[in-house]
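Asker:
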Amino acid sequence: MRRWFSRMGVRDRLLFAVLTTVAVALVTMTVVFNFLLATSLDADVDQRLQALATDTSRSIRISGGQVSLPRPSGGMQELGSQVWVFVSGKTVTSPSVDQAVSEAARQLDGQAAQFVELPDYEVRLYGIPLYYEGSRIGTIVSALSTSSYNQTKNTTLMGTVTFTAVLLIIVGFAGRWMLNSAFRPVVKMTNNAEAWSSEDLDRRFDMGPPHDELTQLAHTLDGMLDRLAASLRREQRFSAEVSHQLRTPLAKIKAEAELALRRERPPAYYQESLGSVLYSADQMARTVEALLAASHEGSLNRGSADVWQILADVVSSIGVLAEENGVEVRVRPPARNLRVGVDGDIAAQILQPVVENACRFAHSDVLLSATRKGTEVHFVVQDDGPGVTSDERDRIFEPGVRGSAAGNNGGASRGAGLGLPLARRLARAASGDVEVLDGERGARFVVRLPTGR
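My numbering numbers the first residue of the sequence shown as -4 and each following residue consecutively.
Below, the structure is given as structure tokens:
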């Protein structure tokens, strides 16, 4: 039974529970009602028998040893009630009834007051002693036909049983309809969830404002899907950013290895190449650590670094890219002891995508400079490329979006549109920002970071 019940669906279990509860309640009410009705009718029969016997005893007249009383006429079925009077063992009066009924009445003569039921004849008897001048001289027996009472009981029982069955059927159909209506949103949600794929990050149940338990569940699940989608997007973005940022050091390692393997070289050259490879590997490790720190969406404005060292590291890291694009990267020396309040690796990871972007779009020249303005250090990246239109100044910081100039520039067309969004996100996590300003020629990017000690 338990295994069968556990295999049922939620709707079937709820319907079963409802029908069982209603059936138990209706059966209990039917039994109690019929019991109370039968008790009430039986009590009414007894009261009528007692009243009939009492009235008969009052109407008896005894004179000169003779007992007289009105003689009833007709049978039990005609009058519904009759009376026997027995005096000194003799029958004074009796109705015209079945012999078995008369015999049962005679047996009550001389007995204490009592009731006798004759189910086969649907008759109930009641006998009481008859007294005269303090002595018992006989017995009065009253009889009442219970056929109408039994008919009432049977009709009521059949009616209540039929009513219970009909009501149970109505409750079953109504309950099924209500449960189907109530679970229709659940079925819809289930079908939608089965149809969605891992690519449907923006699909939601969208059941509207929560107004009951099911819509509240849908609202809660939508919120959970929002959080899962945001988490998945962060993972996808992190993977894309790692891939994007590791391209440059990997390109340097590949270039150094290819040059070293082209022909025999002196040991000093190999040692220098291995040093360059090691530096690129360290740069890759720092890149991954910086991106991992940024992936937690926390604050990055911790630490301190020298601005000149940051510029030197960035120029060194983008050397291969600049050479491939035929671009000269120049650095305008900053003021002495100028520092930023960000770890050097983080600052380099913020500035590097902006410089790489300039190298891809520049015709021949990229200029880097850094100055202090108030509580911030402004890194300026100026190139002599086609520049950025006013309507693209915000859009180019969206992931996957590249400016219109990318279609007219071979080097730029290889970009994935992830560098500038990463730079801005890292800068804002470090309490700074990246923005595009008007320049005399080409594009002019400014990376703002807090000053350090």
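Glycine residues also receive a C-beta, built at the ideal position from the N, C-alpha and C atoms.
For clarity, every value in this text was computed on a predicted model and none was experimentally measured.
Assuming M134 contacts D104 (C-beta within less than 8 Å), just tell me the rounded distance between them.
Answerer: Rather than Met, the amino acid found at residue 134 in this sequence is Thr. About 4 Å separates the two Cβ atoms, so the contact holds.
Asker: On the three-state DSSP scale, how would you describe F440?
Answerer: Three-state result, F440: strand.
Asker: With a 10 Å radius around its C-beta and 16 neighbouring C-beta atoms as the bar for buried, classify Y265 as buried or exposed.
Answerer: Answer is exposed; the Cβ neighbour count stays below 16.
Asker: Under the assumption that V322 contacts V361 (Cβ atoms under 8 Å), give the Cβ distance between them as a whole number of angstroms.
Answerer: Contact flag correct, Cβ pair sits at about 6 Å.
Asker: Are H373 and V441 closer than 8 Å when you measure CB to CB?
Answerer: Cβ distance < 8 Å, so H373 and V441 count as in contact.
Asker: Return the first residue and the last residue of the beta strand (DSSP E) that S142 is part of.
Answerer: Per DSSP, S142 belongs to no beta strand (DSSP E); it is in the alpha helix (DSSP H), S142 to A190.
Asker: DSSP three-state label for Q211, please.
Answerer: Reduced to three states, the DSSP call for Q211 is helix.
Asker: So, at 7 Å on beta carbons, what are the nonlocal neighbours of Q304 in its own chain, with the 5 sequence-adjacent residues on each side left out?
Answerer: For Q304, where only same-chain residues beyond five positions count, the Cβ hits under 7 Å are G339.
Asker: Check whether the segment 17 to 27 touches the segment 154 to 161, taking contact to mean three or more Cβ pairs, one atom from each stretch, closer than 8 Å.
Answerer: Result yes; three or more Cβ-Cβ pairs closer than 8 Å.
Asker: Quick one: using the 10 Å Cβ neighbour count with 16 as the cut-off for buried, is D308 buried or exposed?
Answerer: When all chains shown are included, D308 counts as buried.
Asker: Let me know the secondary structure DSSP gives G314 once reduced to three states.
Answerer: Helix, per DSSP.
Asker: In the DSSP assignment, the alpha helix (DSSP H) including P124 goes from what residue to what residue?
Answerer: Unbroken run through P124 is the beta strand (DSSP E), V118 to Y127; no alpha helix (DSSP H).
Asker: When you compare only the Cα positions, how much space is there between A422 and R297?
Answerer: Taking the straight line joining both Cα atoms gives about 12 Å.
Asker: Can you give me the C-alpha to C-alpha distance between R53 and L32, rounded to a whole angstrom?
Answerer: Going from the Cα of R53 to the Cα of L32 covers about 32 Å.
Asker: If we count the other Cβ atoms within 10 Å of its Cβ and call it buried at 16 or more, is K247 buried or exposed?
Answerer: Buried, since its Cβ has 16 or more Cβ neighbours within 10 Å.
Asker: Distance check for Q102 and Q109, CA to CA, integer angstroms please.
Answerer: So the alpha carbons of these two residues sit roughly 11 Å apart.
Asker: Given a threshold of 16 other Cβ atoms within 10 Å of its Cβ, counted over all protein chains shown, does E73 qualify as buried or as exposed?
Answerer: With a pLDDT of 45 at E73, under the threshold of 50, the predicted position of this residue should be treated as unreliable, and no value is reported.
Asker: How would you call P262, buried or exposed, if buried means at least 16 neighbouring beta carbons within 10 angstroms?
Answerer: Classification for P262: exposed.
Asker: Given L209, which residues of its chain have a CB within under 6 Å of its CB, disregarding the five upstream and five downstream residues?
Answerer: Answer for L209: P180, listed in chain order.
Asker: In this structure, how does DSSP classify D50 when only helix, strand and coil are distinguished?
Answerer: In the structure shown, D50 sits in a helix (DSSP, three-state: H, G or I).
Asker: Once you ignore the five residues that flank Y127 on each side, which residues in its own chain have a CB closer than 6 Å to its CB?
Answerer: Within the same chain, Y127 has close Cβ partners I57.
Asker: Out of curiosity, what's the CA-to-CA distance linking V17 and A160?
Answerer: In a straight line, the C-alpha of V17 is about 11 Å away from that of A160.
Asker: Give me, in chain order, the residues of the same chain whose beta-carbon lies closer than 7 Å to that of L174; leave out the 5 immediate sequence neighbours on both sides.
Answerer: These residues qualify, in order along the chain: R6, L9 and L10.
Asker: Are L36 and Y144 touching if we call contact CB-CB under 8 Å?
Answerer: For L36 and Y144, yes; Cβs fall inside 8 Å.
Asker: From G314 to E253, what does the alpha carbon distance come to, in whole angstroms?
Answerer: Rounded to the nearest angstrom, the two C-alpha atoms are 16 Å apart.
Asker: If you follow the alpha helix (DSSP H) that F110 is in, where does it begin and where does it stop?
Answerer: First-last for F110: Q109 to L113, but that is the beta strand (DSSP E), not the alpha helix (DSSP H).
Asker: Taking the beta strand (DSSP E) that G371 falls in, what are its first and last residues?
Answerer: With the sequence shown as reference, residue 371 is identified as Glu, and Gly is not the correct amino acid for it. First-last of the beta strand (DSSP E) with E371: E371 to D378.
Asker: Between L432 and R439, which are expected to be in contact by the criterion C-beta below 8 Å, what is the C-beta distance as a whole number of angstroms?
Answerer: Confirmed, Cβ separation roughly 5 Å.
Asker: Note down the Cα distance separating L125 from Q77, rounded to an integer number of angstroms.
Answerer: If I take the Cα positions, the gap works out to 17 Å.
Asker: S68 to K85, Cα distance in whole Å?
Answerer: Any reading at S68 must be qualified, since the residue scores a pLDDT of 44, below 50, and its modelled position is unreliable; no value is offered.
Asker: Any idea what DSSP makes of P394, helix, strand or coil?
Answerer: Reduced to three states, the DSSP call for P394 is coil.
Asker: From L220 to V383, what distance separates their C-alpha atoms?
Answerer: When rounded, the distance between both Cα atoms is 37 Å.
Asker: Might you give, ordered along the chain, the residues of its own chain that have their beta carbon closer than 7 Å to the beta carbon of T141, omitting 5 neighbours on each side?
Answerer: Within the same chain, T141 has close Cβ partners V40, E117, V118 and R119.
Asker: Check each candidate in V82, G218 and N149 and name the one with the smallest Cα separation from D197.
Answerer: It is G218.
Asker: Could you check the C-alpha separation between S130 and N149 for me, to the nearest Å?
Answerer: Straight-line Cα distance between these residues: approximately 44 Å.
Asker: Going by the CB atoms, is the gap between V337 and V326 shorter than 8 Å?
Answerer: Not closer than 8 Å, so no.
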